[in-house]
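Convert by adding 14 to the 1-based position in the sequence shown; the result is the number in the numbering used here.
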Amino acid sequence: MLFNKISSPGKLGDGLTLEAALRDARSATQRDARLCAIAALGEASAGDDRDGAERAGRLLRQLLGDDADSEIRQAAALACGELGDRRALELLRVIAGSDPSPAARQGAVIALGRLGDGRDAQIVAAALEDADADVRFQAVGAIAELATNAPAARDVAETALPARLADEDAEVRGSAAAAIGDLELGSAKDALVALLDDSERATRLEAAVALSRLDDPRGAAVLADNVGRRDVGLLAAEALYRRPHPDARDALLAA
15 MLFNKISSPG KLGDGLTLEA ALRDARSATQ RDARLCAIAA LGEASAGDDR
65 DGAERAGRLL RQLLGDDADS EIRQAAALAC GELGDRRALE LLRVIAGSDP
115 SPAARQGAVI ALGRLGDGRD AQIVAAALED ADADVRFQAV GAIAELATNA
165 PAARDVAETA LPARLADEDA EVRGSAAAAI GDLELGSAKD ALVALLDDSE
215 RATRLEAAVA LSRLDDPRGA AVLADNVGRR DVGLLAAEAL YRRPHPDARD
265 ALLAA
């Protein structure tokens, strides 16, 4: 669910006032109404009402820890991340590692990526081993975000991310390749090269783009193979020319 921007003074997303959002998040009879209200509470910090943000955070933490509905816990975790409520960190750490619901674990992992620091990198790295592929996918993005904003997390990412290049889920493999390229983790070059023969075209492309970002020409042929495709052609062409080298030019001419 997307978090809407404040629509008018005194109102949160979907035109809800803070009081209405607090009420509906707690006690609306329909789940969708509760989810909308929780999402709105996530932007309570966008205004100048510090007391409102305090009240929103307090309720979100309560829902995060106590609500029986896993979708509500997930939404509360995401809203805590949007709100920037660091007081929720301890709850988020517990949920990321032990909540029985994959959806709730996903929400907690995403929020840790937004709110956490280098100390949370190990918790998010553990989520890279989660049994649920969607949790692993979100953990890749979260650990990349932590490594970008918290230098202490970079070493953890450099160790943990390359292992996901062999994940059984293609989207996780592709996401890990993209994160390695974004973070410029040069130690993973050979693992990325192995991914150029992946069974999924999109995963092969992510590996090739990552290699380009690492100034490695070995993905040039895969990039050239994608230049003519409407959906990813521009991405492939940009990667070929990001750091020009003879193999890239030859591959593009051959495409």
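Glycine residues also receive a C-beta, built at the ideal position from the N, C-alpha and C atoms.
No experiment lies behind these values; they were computed from the predicted model shown.
{"Asked": "Coil, strand or helix - Thr43 by DSSP", "Found": "coil"}
{"Asked": "C-beta atoms of Gly79 and Leu103 nearer than 8 Å", "Found": "no"}
{"Asked": "Range covered by the alpha helix (DSSP H) that runs through Asp65", "Found": "Arg64 to Asp80"}
{"Asked": "Nearest to Ala54 (by Cα), restricted to the options Ser201, Val207 and Leu97", "Found": "Leu97"}
{"Asked": "Touch test, the segment 113-130 against the segment 86-100, Cβ-Cβ under 8 Å, three pairs minimum", "Found": "yes"}
{"Asked": "Straight-line Cα distance separating Val154 from Tyr255", "Found": "27 Å"}
{"Asked": "Euclidean distance between Cα positions of Gln152 and Ser189", "Found": "9 Å"}
{"Asked": "Rounded straight-line distance, which links the Cα of Ala224 to that of Val241", "Found": "16 Å"}
{"Asked": "Alpha helix (DSSP H) segment containing Val138, residue limits", "Found": "Ala135 to Ala141"}
{"Asked": "C-alpha distance - Leu219 paired with Thr173, whole-angstrom precision", "Found": "22 Å"}
{"Asked": "Buried or exposed (CB count within 10 angstroms, at least 16 for buried), Ser226", "Found": "buried"}
{"Asked": "Cβ shell of Leu73 (< 8 Å), same chain only, five flanking positions each side left out", "Found": "Leu36, Ala39, Arg40 and Leu55"}
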